[in-house]
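Following: one structure in structure tokens, then a few remarks.
2 protein chains.
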Amino acid sequence: MEQHRDYESELRQAGVRLTKPRKVILKIIGESEDHPDAMAIFRRAVKIDASISLATVYRTMKLLEELGAVHRHSFEGGPARFENADGEHHDHLIDLDTGKVIEFHSETLEKLQEQIADELGYDIEHHRLELYGRKRR
Amino acid sequence: MEQHRDYESELRQAGVRLTKPRKVILKIIGESEDHPDAMAIFRRAVKIDASISLATVYRTMKLLEELGAVHRHSFEGGPARFENADGEHHDHLIDLDTGKVIEFHSETLEKLQEQIADELGYDIEHHRLELYGRKRR
DNA sequence: ACCCTTGTTGCAAACGATTTGCATTTGCAT
DNA sequence: ATGCAAATGCAAATCGTTTGCAACAAGGGT
């Protein structure tokens, strides 16, 4: 059960320099099971290498996004949050009380979206589906 | 065929003071067929009353959102855009080439979302579905 | 192992969108 | 008309993010 991509070789292959800050950030997002924002990544990074700057975190996240290594999410009110691009596509349910993000996937839903776009004469490039709710009790 | 809500009496009823800037902004969003952002609303407002400030536009939009009179959308990269809350709920398809926003609605889709949230033990408060695509040719 | 070139960094300042403190004005109930 | 709380304009503050620039370091060539 292979869990994480080997980002380092991927980046190397993409002609990107493997610098110290990048290694640290790569390690962090590779291990993250949550959806940290830039500041959270920065805080975790500083623990490993105190000289890393927030600017570098932002630059690196942008780079990784362009390389398709991470996905950027802009949930309501709040900074962008990232997750590594392992695994298959999924959408998000955000718990309004805790901010926790729950992932889900529905093939039916995907198909339905494509069908709708198709009827409107469009090809979907990507989409964004977020459900905001509270735990039923 | 009644087209626009009578925001003024609604607001009055909600105990909100009907000030000059608010009347102007109300008129603007009542007539808007597009999805203007705060700056666009401000520009249109200044033409009617030159003394209106951008801060008041922001304050008023927040107020109207809380009253349920307008909906705020945060499409990818760019300021929040508003639309009046007339008519029924719909989602958006954003044309990546033109930035044009196409509205659509699917009852099946809505139901499916609710069902998914339900299975996860959640009640949906609201959701956000945006399709980003290009016109098929 | 040591350059050399060029990409990358840290810092601080700049940025765009939005919010806020405060003194002044204004709606509107009396 | 009068008074008072609510709303305004202005400028400064805030938040998340980007950028200019001089110092620095990765990693290919020698």
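Residue numbers (the working numbering), protein chains in the order written: chain H, -11 to 125; chain Z, -11 to 125. Each residue gets a CB set at the ideal place from its N, CA and C atoms; glycine is no exception.
Checklist line | For Phe92 of chain Z, the three-state DSSP class (helix, strand or coil) | finding: strand
Margin query: Is there a Cβ of chain Z sitting closer than 7 angstroms to that of Ala26 of chain H, yes or no?
Written below: no
Item checked: Cα-Cα separation between Ile36 of chain Z and Asp106 of chain H, rounded to whole angstroms -> 42 angstroms
Check: Which two residues bound the contiguous alpha helix (DSSP H) that contains Val58 of chain H?
Finding: Per DSSP, Val58 of chain H belongs to no alpha helix (DSSP H); it is in the beta strand (DSSP E), 58 to 61.
Check: Along the region 67 to 98 of chain Z, what residues have a CB closer than 7 angstroms to any CB found in chain H?
Finding: Leu81, Leu84, Ile90, Phe92, Ser94, Thr96, Leu97
Item checked: chain Z contacts from the region 40 to 53 of chain H (Cβ-Cβ distance under 9 angstroms) -> none
Item checked: Three-state class that DSSP yields for Asp106 of chain H in the structure shown -> helix
Check: Does the beta-carbon of Tyr125 of chain Z have 16 or more other beta-carbons within 10 angstroms, so that it is buried, or is it exposed?
Finding: Reading off the sequence shown, one finds Arg at residue 125 of chain Z, where the question assumed Tyr. Burial call: exposed.
Item checked: Spatial neighbours of Lys15 of chain Z in its chain, beta-carbon cut-off 8 angstroms, leaving aside the 5 residues before and after -> Ile36
Margin query: Counting only beta-carbon separations shorter than 7 angstroms, does His59 of chain Z have a partner in chain H?
Written below: no
Note to self: If I follow the unbroken beta strand (DSSP E) through Glu71 of chain H, where does it start and stop?
What the structure shows: 69 to 72
Next item on the list: Below 8 angstroms on the Cβ atoms is my guess for Gln101 of chain H versus Ile112 of chain H; work out the distance and round it to an integer in Å.
Entry: 7 angstroms
Next item on the list: Please state whether DSSP places Glu19 of chain H in a helix, a strand or coil.
Entry: helix
Item checked: Within 7 angstroms of chain H by C-beta, residues of the region 101 to 116 of chain Z in sequence order -> Gln101, Ile104, Ala105, Leu108, Gly109, Tyr110, Asp111, Ile112, Glu113, His114, His115, Arg116
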